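Asker: Add 1 to the 1-based position in the sequence shown for this note's numbering, that's all there is to it.
No residue lacks a Cβ here, since even glycine has one placed at the ideal position from N, Cα and C.
Keep in mind the model is a prediction, meaning the values are calculated, not measured.
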Amino acid sequence: MALIVTGYVDGEPVYFEEPEPTKYEATAEVEDKPSYGVEINAEDEFSNLTSVYRVLYISGEWIEPVWQRTAADVAYANILNNKISESGWTSLTAQEQTDWTTGLIGCLNYWDLNRIEIDTEILAGVLTDYGYYVSTLTIKKDWSMDSFPYNTELERVRLNVGALISSYYTPAVALPTTLEKPTYQTINDIESILKLMKEMLILMAESFRYSGTMYCGQEVVF
Numbered sequence: 002m003a004l005i006v007t008g009y010v011d012g013e014p015v016y017f018e019e020p021e022p023t024k025y026e027a028t029a030e031v032e033d034k035p036s037y038g039v040e041i042n043a044e045d046e047f048s049n050l051t052s053v054y055r056v057l058y059i060s061g062e063w064i065e066p067v068w069q070r071t072a073a074d075v076a077y078a079n080i081l082n083n084k085i086s087e088s089g090w091t092s093l094t095a096q097e098q099t100d101w102t103t104g105l106i107g108c109l110n111y112w113d114l115n116r117i118e119i120d121t122e123i124l125a126g127v128l129t130d131y132g133y134y135v136s137t138l139t140i141k142k143d144w145s146m147d148s149f150p151y152n153t154e155l156e157r158v159r160l161n162v163g164a165l166i167s168s169y170y171t172p173a174v175a176l177p178t179t180l181e182k183p184t185y186q187t188i189n190d191i192e193s194i195l196k197l198m199k200e201m202l203i204l205m206a207e208s209f210r211y212s213g214t215m216y217c218g219q220e221v222v223f
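#1: Any idea what DSSP makes of L204, helix, strand or coil?
#2: Using the three-state DSSP reduction, which class does D11 fall into: helix, strand or coil?
#3: With DSSP collapsed to three states, give me the class of V174.
#4: Given C108, which residues of its chain have a CB within under 7 Å of its CB, disregarding the five upstream and five downstream residues?
#5: Closest by CA to V56, which one among V39, I117, E65?
#6: Using DSSP with H/G/I as helix, E/B as strand and the rest coil, what is I5?
#7: Give me the Cβ distance between I41 and G8, rounded to the nearest whole Å; I'm assuming they're in contact under 8 Å.
#8: Helix, strand or coil for Y131, going by three-state DSSP, please let me know.
#9: So, helix, strand or coil for A164, using DSSP?
#10: On a Cα-Cα basis, can you pick out the residue from Y54, E32, L4, Q69 that is closest to E46?
#11: I think E26 touches E18, with their Cβ atoms under 8 Å apart; what is that distance to the nearest whole Å?
#12: Report the CB separation of D113 from V162 in whole angstroms; it is logged as a contact under 8 Å.
#13: Measuring CB to CB, does N152 end up less than 8 Å from E118?
#14: In this structure, does DSSP put K24 in helix, strand or coil?
#15: Bridge partners of D45, per DSSP?
#16: Determine the direct distance from the alpha carbon of P172 to that of E156, and round the result to whole angstroms.
#17: Among L202, Q96, E32, S92, which has the Cα closest to the Cα of L128?
#18: Nearest to R159 by alpha carbon, out of Y169, T187, S168?
#19: In whole angstroms, give me the CA-to-CA distance for D11 and I166.
#20: If you count every other CB in all the chains shown that lies within 10 Å of the CB of I64, and 16 or more means buried, which is it?
#21: Quick one, are the C-beta atoms of Y185 and V15 less than 8 Å apart?
#22: Between which two residues does the alpha helix (DSSP H) containing I106 stretch?
#23: Nearest CA to the CA of K84: which residue from A72, A73, Q98, T71?
Okay, structure coming up:
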């Protein structure tokens, strides 16, 4: 069966070759960054189209949190989900298909969970390097489309963020009391805490005095 395979990395087209039957590969020139959005489309001779979108994260790199979700984002995601359920993928407009495949912030996606886990791990490492005690965290960085976020896993994510708060400081945004039924507000809160904590650590690092700028015996308030 003949296929036409096309793809994009962060919106820029990449071109696939077929070195052997049913095997397709492409090379992309990309800037060095923490994450990449990869879209692959395959169309057969009967015009059947399959699209796959993935967010690929580079482990160990900070990923900017998403904290500005709104009720309108959730409503839009529900509208598209209902259209697909009732009338199929082809009932979506071209723009709606693009929005769905590139990730709706009105949904809790697997890449959201990977981002939260990676950022939590990075903050824990920074705090440890600065001499703060952070209780041992269990981090999962391999969330996929097939993963299901059970309540126990979401509670683990929440407790990890709580451990950062306990080791460092209490931010203006309160830690949700539960993620049993996550809402856009509670996920916003989780990511806002990570964002604020990173900002606080940056400010703290900028305030550090280098060796030789203080006299012996001088009182310093940290």
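Answerer: Looking at the atomic coordinates:
#1: helix
#2: coil
#3: coil
#4: A78
#5: V39
#6: strand
#7: Separation of the CB atoms of I41 and G8 is rounded to 4 Å, and the pair is thereby assigned contact status at 8 Å.
#8: Note: Y131 maps to coil in three-state DSSP.
#9: helix
#10: Ranked by how close their Cα comes to the Cα of E46, the residues Y54, E32, L4, Q69 have L4 in first place.
#11: 6 Å
#12: That belief does not hold up - the Cβ atoms of D113 and V162 are roughly 14 Å apart, past 8 Å.
#13: no
#14: K24 falls in the strand class under three-state DSSP.
#15: Beta-bridge analysis with DSSP links D45 to L4.
#16: 19 Å
#17: L202
#18: T187
#19: Approximately 34 Å between the Cα atoms of the pair.
#20: buried
#21: no
#22: For I106, no alpha helix (DSSP H) segment is defined, and its DSSP state is neither H nor E.
#23: Q98
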